[in-house]
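If you count the sequence shown from 1, position 472 lands on 472 in full-length UniProt numbering, and the numbers rise without skipping. These notes are about the structure you will find just below.
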Amino acid sequence: MKNYISKGKKWGLVLLVGAICSSCDSELDQKPYYFTDEQILEILNSDKEQDQEKKNTIITGLCAGLEGNFRISGTYNGYSSDAINATDGQDIMLNARCSDMVVGTQQNFTRGGFYINMYNLNNNDFQPWRGDQSTTGYNYAMWALPCNILTNANKVLTFVTEQVAEKGTPEVKNGRAAALCVRAYSYMLLMERYQKAYLHGGKGGEGMPIYKVYGLNDPVAPSSAEETFKFIMGDLNEAVALFKETGKESAGYTAESKDIDLGVAQYLRARVALWTGDYTQCIDACEDILSHYKSFIAESNYGFKSKDFDAVQAGTKEVKAEENAFTFLALNPECILGWKDGDGAGTYYYGNFNPFAGDGTGSNPLYMRVDDRFYNLINENDYRKDNVLVESKDFTYFKGNTHTLPSYTNTKWGATICLQQTQRSEHTNTDQCKFRSSSVVLMLAEAYAEIGNEAMSKQVLNQLLAARTREGASLLTCDNYKSGLALKDLIKLQWRIEMWGEGGIEFYNAKRWNTPIDRAGSKIHWTALSNSTLPVEYMTYEIPMQEYNFNPGWGR
Numbered sequence: 001m002k003n004y005i006s007k008g009k010k011w012g013l014v015l016l017v018g019a020i021c022s023s024c025d026s027e028l029d030q031k032p033y034y035f036t037d038e039q040i041l042e043i044l045n046s047d048k049e050q051d052q053e054k055k056n057t058i059i060t061g062l063c064a065g066l067e068g069n070f071r072i073s074g075t076y077n078g079y080s081s082d083a084i085n086a087t088d089g090q091d092i093m094l095n096a097r098c099s100d101m102v103v104g105t106q107q108n109f110t111r112g113g114f115y116i117n118m119y120n121l122n123n124n125d126f127q128p129w130r131g132d133q134s135t136t137g138y139n140y141a142m143w144a145l146p147c148n149i150l151t152n153a154n155k156v157l158t159f160v161t162e163q164v165a166e167k168g169t170p171e172v173k174n175g176r177a178a179a180l181c182v183r184a185y186s187y188m189l190l191m192e193r194y195q196k197a198y199l200h201g202g203k204g205g206e207g208m209p210i211y212k213v214y215g216l217n218d219p220v221a222p223s224s225a226e227e228t229f230k231f232i233m234g235d236l237n238e239a240v241a242l243f244k245e246t247g248k249e250s251a252g253y254t255a256e257s258k259d260i261d262l263g264v265a266q267y268l269r270a271r272v273a274l275w276t277g278d279y280t281q282c283i284d285a286c287e288d289i290l291s292h293y294k295s296f297i298a299e300s301n302y303g304f305k306s307k308d309f310d311a312v313q314a315g316t317k318e319v320k321a322e323e324n325a326f327t328f329l330a331l332n333p334e335c336i337l338g339w340k341d342g343d344g345a346g347t348y349y350y351g352n353f354n355p356f357a358g359d360g361t362g363s364n365p366l367y368m369r370v371d372d373r374f375y376n377l378i379n380e381n382d383y384r385k386d387n388v389l390v391e392s393k394d395f396t397y398f399k400g401n402t403h404t405l406p407s408y409t410n411t412k413w414g415a416t417i418c419l420q421q422t423q424r425s426e427h428t429n430t431d432q433c434k435f436r437s438s439s440v441v442l443m444l445a446e447a448y449a450e451i452g453n454e455a456m457s458k459q460v461l462n463q464l465l466a467a468r469t470r471e472g473a474s475l476l477t478c479d480n481y482k483s484g485l486a487l488k489d490l491i492k493l494q495w496r497i498e499m500w501g502e503g504g505i506e507f508y509n510a511k512r513w514n515t516p517i518d519r520a521g522s523k524i525h526w527t528a529l530s531n532s533t534l535p536v537e538y539m540t541y542e543i544p545m546q547e548y549n550f551n552p553g554w555g556r
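Pasting the structure below:
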């Protein structure tokens, strides 16, 4: 019987993290009960009618927990509790190193920690992109996590081959499609982090070693960037076709938020296509998604409103997580992929984004803030401006201890009473949304703008602006949002406003647009005094030395 985990052999990129694969969802490491590897392959390749139920049993065992790869956590730097080891933690850290997010205050500097280290541009000795320095704990974790995801995908795809899916049941086809999405996601992350932006010098460079099966793989030299993205899109296009084939009644979209379905496949396809400048595919994927996601988060459910703060502090008002679409999926019609509290939601890392949750212990709690320059760009008729406490405020937590919430604290995820609670407490339970349709609207508007179709771009973007217009105010449009701003710049601004704090989006977009980190002139950024800018080149992480040592195929 073939070993699932090698003993003592180095395998290059795909199995570089072999020693830590067991840290992901345990379901991913278990073969279906009562079947050997040989029996699995025999049954999956069988045309016998009596084997169909066995096929579905095997697929259930192989694919259970695949969605967990979109919220995976491991132990990549020696301490399992460190935020750098989780997908959500890494997303926050990437955003924290950019322009629009401010992590805490100057007082937090002595506290240190991963978020502070990533945010603090003043520390010239801290260079997380380096693959050969003491900060490789950061670099290696950013590399090892997507490698772990790749390994998990190939565990399934080794058995559920294209030939198996072709003659398989709908469950078999969907299982392969889901695994293809997971593999594409892993390679997408690696390319976004470790190679130059495709349209700004990356197209002619290296890509990634391509591994298609799980096993004792010898190191494979990296393919070119073009070949790597062709492989990624190949996986996603096959996944889209499979989901469409099996989901004729639902068109491939399911009602369960945590399912890897056609919406997830099309989201990844759109994001990769936008990164590579394949605007035709991006438009096709986005329009398919938006034909199923036609509603926006309502104004009343869009985060905690700053006007409610005084009543909340006085104890005469509560804002429950069940009233905020960012903490309660039942109110979020935009959620393409997400998890409910108690069923996969990983909300620990976003605890700092809810300034009212928990017990406020510790001498210097972190508060996530927006840059004042960014805040001033938001139109007065845009209700997203209400998710910021412009002035510093004292807040008393349920234990009676009071802390000052610094100016420009963001309240997008704000709630005084979290899920599963009836009163203020130390708990921070919420639901979690990973991908949502507003970002698809923005991808579609950008793709139309890039091909020169400004009319369609404005038509698309105007839908989002109308949805974000404050009740009773004049309708926001591309033509009146901010005077003198070119359409492409307006799209970039709307990306920054709508997706603030979410999914590492600010980092990936800034790199994709070739926009350097710029904190010059900010009154809120507390690291802006000495180092106010950081060139785009530092957004491309170096291949870690661990990988160089295992795979001689990399260029030096």
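For each residue, glycine too, the CB sits at the ideal point set by N, CA and C. Quick caveat, the model's predicted, so the values are computed rather than measured.
Problem - beta strand (DSSP E) segment containing I84, residue limits - result: Here I84 belongs to no beta strand (DSSP E), and DSSP marks it neither H nor E.
Problem - Alpha carbon of L485 to alpha carbon of T396, nearest angstrom - result: Between L485 and T396, the alpha-carbon positions lie close to 42 Å from each other.
Problem - Contact test: T430 Cβ vs the ligand SAH heavy atom, cutoff 7 Å - result: Inclusion of the ligand SAH in the displayed structure is not the case, the ligand content being empty and no account of it being possible.
Handout entry: Bridge partner(s) assigned by DSSP for C335
Key = Paired residues: R436.
Handout entry: Where S291 sits in the DSSP three-state scheme
Key = Coil at S291, not helix or strand.
Practice task
Please classify E206: is it buried, with 16 or more other beta-carbons within 10 angstroms of its beta-carbon, or exposed?
Solution key: With 16 or more Cβ atoms within 10 Å of its Cβ, E206 is classed as buried.
Handout entry: Residue range of the alpha helix (DSSP H) that includes F243
Key = Its alpha helix (DSSP H) spans residues 225–246.
Exercise for the section: Label T527 either buried or exposed according to how many other C-beta atoms from any shown protein chain fall within 10 Å of its C-beta, with 16 as the threshold for buried. Expected result: By the 10 Å Cβ count, T527 comes out buried.
Handout entry: Rounded C-alpha distance that separates G358 from H427
Key = Roughly 6 Å between the two C-alpha positions.
Problem - Bridge-paired residues (DSSP) for M101 - result: Paired residue(s): V370.
Practice task
Look at the Cβ atom of A311, then the Cβ atom of K317, and state whether they are nearer than 8 Å.
Solution key: Closer than 8 Å, so yes.
Handout entry: Coil, strand or helix - V17 by DSSP
Key = At V17 the pLDDT is 30, less than 50, meaning the model places this residue with poor confidence; the figure from the coordinates comes in the next sentence. V17: coil per DSSP, three-state reduction.
Exercise for the section: Indicate whether residue 626 and R436 have their beta-carbon atoms separated by less than 8 Å. Expected result: Residue 626 is absent from the model: the chain starts at 1 and stops at 556.
Problem - C-beta atoms of P355 and L419 nearer than 8 Å - result: Using a Cβ distance threshold of 8 Å, P355 and L419 do not count as a contacting pair.
Practice task
Could you have a look at H525 and say whether DSSP puts it in helix, strand or coil?
Solution key: Annotated three-state conformation of H525 is coil, per DSSP.
Practice task
In angstroms with no decimal places, state the Cα-to-Cα distance between L389 and N352.
Solution key: Computed Cα separation, rounded: 15 Å.
Problem - At least 3 beta-carbon pairs within less than 8 Å: the segment 484–499 vs the segment 152–161 - result: Fewer than three beta-carbon pairs drawn from the segment 484–499 and the segment 152–161 are found closer than 8 Å, and the two stretches are therefore not classed as touching.
Handout entry: For D394, the first and last residue of its enclosing beta strand (DSSP E)
Key = The continuous beta strand (DSSP E) containing D394 extends over residues 393–396.
Problem - Span separating the alpha-carbon of G89 from that of S474 - result: Straight-line spacing of the CA atoms in G89 and S474 works out to 39 Å.
Handout entry: Proximity winner among I524, V536, S532, relative to E506 (alpha-carbon distances)
Key = Of the candidates I524, V536, S532, the one whose C-alpha sits nearest the C-alpha of E506 is V536.
Practice task
Would you kindly check if the distance between the Cβ of R176 and the Cβ of L242 is under 8 Å?
Solution key: Closer than 8 Å, so yes.
Practice task
Go through its chain and collect everything with a Cβ distance to K305's Cβ below 7 Å, but skip five positions before and after it.
Solution key: Closer than 7 Å at Cβ, skipping near neighbours: D386.
Practice task
Would you decide whether Q30 is buried or exposed? Buried here means 16 or more other CB atoms lie within 10 Å of its CB.
Solution key: Residue confidence is low: Q30 scores 44 on pLDDT, short of 50, so the model does not pin down where it sits. Its coordinate-derived value is still stated next. Answer is exposed; the Cβ neighbour count stays below 16.
Exercise for the section: Look at C433 and L366 and say whether their C-beta atoms are less than 8 Å apart. Expected result: Not a contact, by the Cβ cut-off of 8 Å.
Practice task
Whole angstroms is fine: what's the gap from E542's alpha carbon to K307's?
Solution key: When rounded, the distance between both Cα atoms is 45 Å.
Exercise for the section: Give the DSSP-derived three-state secondary structure of K203 in the structure shown. Expected result: Of the three classes helix, strand and coil, the one that applies to K203 here is coil, per DSSP.
Practice task
Look at M208 and L190 and say whether their C-beta atoms are less than 8 Å apart.
Solution key: Result yes, Cβ atoms of M208 and L190 sit closer than 8 Å.
Handout entry: Cβ contact (3+ pairs, closer than 8 Å) linking the segment 398–412 and the segment 134–152
Key = Too few Cβ pairs lie closer than 8 Å, so no.
Practice task
Scan the segment 44–72 and note each continuous alpha helix (DSSP H) run of 4 residues or more that stays entirely inside, going in chain order.
Solution key: Runs found: 52–63.
Handout entry: Test item: CB-CB of L337 and V220 under 8 Å
Key = Cβ distance not < 8 Å, so L337 and V220 don't count as in contact.
Handout entry: Nearest-angstrom Cα separation, counted from F326 out to Y302
Key = So the alpha carbons of these two residues sit roughly 7 Å apart.
Problem - Alpha-carbon to alpha-carbon, I116 and Y538 - result: Here the alpha carbon of Y538 sits roughly 18 Å from the alpha carbon of I116.
Handout entry: Whole-number beta carbon distance between R373 and S522, since they are thought to touch under 8 Å
Key = About 6 Å separates the two Cβ atoms, so the contact holds.
Practice task
Would you be able to state if there are at least three C-beta pairs under 8 Å between the segment 47–59 and the segment 119–132?
Solution key: Between the segment 119–132 and the segment 47–59, the count of Cβ pairs shorter than 8 Å is below three; the stretches do not touch.
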